[in-house]
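Number of protein chains: 2
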Amino acid sequence: MPKRVDHAERRAEIAEALLRVAGRRGLHAARMRDVAAEAGVSLRLVQYYFDTKEKLLLYGLEHLTERFGERVAARLRAAGDNPGPRAVIEAILTTSLPTDEAGRTFHLVYTSYAILAVTDEALASQPFIRSPEAAEEQLTDLLNKARDANLTHPGTDPRLEATTLLALTAGLGTSILVGQRSPESAVAVLERQLDRIFRERAS
Amino acid sequence: MPKRVDHAERRAEIAEALLRVAGRRGLHAARMRDVAAEAGVSLRLVQYYFDTKEKLLLYGLEHLTERFGERVAARLRAAGDNPGPRAVIEAILTTSLPTDEAGRTFHLVYTSYAILAVTDEALASQPFIRSPEAAEEQLTDLLNKARDANLTHPGTDPRLEATTLLALTAGLGTSILVGQRSPESAVAVLERQLDRIFRERAS
DNA sequence: CTCTTTATGGTACCGCCGTACCATCATGAT
DNA sequence: ATCATGATGGTACGGCGGTACCATAAAGAG
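One line per chain: the protein sequences are A and B, in this order.
Quick note: the first sequence uses UniProt numbering, first residue 1, plus one each step.
Quick note: the second sequence uses UniProt numbering, first residue 1, plus one each step.
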């Protein structure tokens with residue numbers, strides 16, 4: 001047997017190269033040759049590890065959501081142990097906002113995928129397209145817990161608030177991307193909306 | 001002089017063909033040949049009236065926002081004369097939602113343009129990219145009027161509510177497009193948010 | 001020490017798509 | 001009637017980009 005390479009690791013490297021170039025020039029402008037150059041490998045290698053461009057894109061989306069989860073976890077750790085529901089929700093929402101380079105790439109590329117999925121059958125049927133639904137479940141759970149702990153204002157509908165917060169965050173993210181709004185003002189809008197739900201601000 | 005043709009009308013026809021095909025297969029999949037076939041003209045004619053594809057896309061966006069304005073106006077007329085601020089706001093927001101074919105096309109194509117504008121210099125510098133800012137101004141105005149007429153709850157910040165409503169509507173629209181949410185539930189979310197601002201529902 | 005298997009490079013092919021070029025027809029002004 | 005001009009058709013060209021094909025180096029198993 002010849003030299004063995006960790007395929008998972010190599011695929012991850014190439015996927016990150018894809019995300020970098022897609023974050024810069026847009027997903028529609030991400031050619032396989034660009035990805036190869038960005039990853040510092042030959043075009044042939046990208047084919048070797050992903051066969052077709054479609055599979056590369058699919059894995060890229062998978063990788064994107066995965067790294068998003070890691071970034072949320074990191075922010076939660078930074079928020080100290082045992083954070084309250086509002087702090088957790090803030091972490092999730094602000095992480096998906098284009099406040100830094102990683103957030104910018106995430107929002108741009110994820111939205112590009114979503115728009116593609118509207119007209120692309122193969123993309124729409126992928127499981128990770130449903131991550132927003134998972135996020136909504138999670139937010140609803142957190143809001144339910146908050147309500148049970150009497151942390152919310154009376155008359156709060158957890159599921160409705162969850163969908164509101166997620167749609168609002170998505171919309172704010174895009175308006176930041178197109179340069180219409182500053183990240184700070186977007187965060188302020190989010191805080192205001194959270195103030196409508198929670199009795200007090202997060203510690 | 002030979003046969004004279006109304007260029008504006010012909011350009012409008014071709015632009016609508018562009019929007020139809022973009023609404024079906026996605027803006028990224030709208031080839032000039034497709035647009036020509038959809039409009040029932042030859043590829044050469046599309047070139048004749050638009051020269052380059054970039055100009056066709058630019059005019060397509062212009063046409064899209066124009067038709068959106070007409071649809072808002074139509075809904076306002078249908079709402080009777082002298083509608084209140086809340087009714088006007090509802091008309092604007094629900095018109096931009098993908099509740100019917102026209103709304104679906106509008107949201108899909110407009111979002112595609114917005115995402116493209118993030119990485120495309122020429123598109124970003126176009127004036128109609130700023131239509132969301134104009135919409136925000138208009139909503140802010142309406143909310144100011146409503147506040148002056150004591151139609152809103154105390155402590156309402158018109159500008160902040162305007163940005164919230166617009167971002168929320170955009171996010172809801174995309175979630176409808178990807179099949180995550182029904183138009184009805186999205187409208188319900190919007191109504192709930194408007195209930196937070198206005199003292200009573202629209203007539 | 002070979003030989004099979006894996007990893008990698010280079011490159012050619014082919015289709016697609018925007019654009020350019022060359023024609024022709026129709027029409028109204030002179 | 002003629003001719004200049006606008007409208008329209010057909011088609012070829014050229015580049016780009018995904019995919020396929022053909023090599024070869026390397027390294028562990030026998």
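C-beta: ideal position from N, C-alpha, C; glycine also.
- A Cβ-Cβ distance of about 7 Å is found for the pair R199/B and T152/B, placing them in contact under the 8 Å criterion.
- Along the UniProt domain "HTH tetR-type" (8 to 68) of chain B, the alpha helix (DSSP H) occurs as fully enclosed runs of 4 or more residues at 32 to 39, 43 to 50, listed in sequence order.
- Straight-line spacing of the CA atoms in E9/A and G171/A works out to 34 Å.
- Scanning T140/B, V178/B, A102/B, A188/B for the CA closest to the CA of H63/B turns up A102/B.
- Rounded to the nearest whole angstrom, the CA to CA distance from G173/A to P98/A is 6 Å.
- Not one beta carbon of chain B lies nearer than 7 Å to the beta carbon of P127/A.
- Distance between L143/B and A167/B, taken at the CA atoms: about 16 Å.
- A straight-line Cα-Cα distance of about 35 Å links D34/B and E133/A.
- Each residue's CA atom was taken as its position, placing F128/B and A22/B some 18 Å apart.
- Between T94/A and chain B, the shortest Cβ-Cβ separation is not below 7 Å.
- In the three-state reduction of the DSSP assignment, T164/B falls in the helix class.
- If you keep only unbroken beta strand (DSSP E) runs of at least 3 residues inside the region 121 to 148 of chain B, you get nothing at all.
- Inclusion of R71/B and T95/B in the CB contact set at 7 Å is warranted, their separation being smaller than that value.
- Under a criterion of Cβ atoms nearer than 8 Å, the residues of chain B adjacent to T111/A are, in order, T111, I115, T174.
- About 15 Å separates the Cβ atoms of G69/A and A15/A, ruling out a contact at the 8 Å cut-off.
- Measuring C-alpha to C-alpha distances from I115/B to each of S112/A, L58/A, L116/A identifies S112/A as the nearest.
- Using beta-carbon distances, P132/A counts as an interface residue toward chain B, with a partner under 7 Å.
- Taking all protein chains shown into account, G40/B has fewer than 16 neighbouring C-beta atoms within 10 Å of its C-beta and is therefore exposed.
- Counting the other Cβ atoms within 10 Å of the Cβ of H107/B gives 16 or more, which makes it buried.
- Spatial neighbours of E13/B in its own chain (CB-CB distance under 7 Å, excluding positions within 5 residues in sequence) are listed in chain order as A39.
- Around the CB of R196/B, fewer than 16 other CB atoms lie within 10 Å, so the residue is classed as exposed.
- No Cβ of chain B is located within less than 7 Å of the beta carbon of H63/A.
- When 7 Å is used as the limit between beta carbons, T52/B is near no residue of chain A, the shortest such separation being about 18 Å.
- The DSSP-derived three-state label of T152/B is strand.
- One thing to note: T65/A has its Cβ within 7 Å of the Cβ of S131/A.
- The C-beta of Q47/A comes no closer than 7 Å to any C-beta of chain B.
- With respect to the C-alpha of L139/A, the residue from P154/A, R159/A, N150/A having the closest C-alpha is R159/A.
- Cβ contact annotation for M32/A (same chain, cutoff 8 Å, sequence separation greater than five): L43, V46, Q47, K53, L56, in chain order.
- A79/A is a Cβ neighbour of A87/A, given a cutoff of 7 Å.
- Per DSSP, Q193/A is one residue of the alpha helix (DSSP H) stretching across 183 to 197.
- For a Cβ distance threshold of 8 Å, residue set T119 of chain A lies close to A29/B, ordered along the chain.
- Nearest neighbour of A117/B by Cα position, chosen from L27/A, L58/A, A17/A, turns out to be L27/A.
- At the C-beta level, T169/B and L58/B stay beyond 7 Å of one another.
- Boundaries of the alpha helix (DSSP H) around T119/A: 101 to 119.
- With a beta-carbon spacing of about 6 Å, P83/B and L76/B fall inside the 8 Å limit used to define contacts.
- Using a Cβ-Cβ cut-off of 7 Å, T140/A does not count as an interface residue toward chain B, since no Cβ of chain B sits closer than that to its own.
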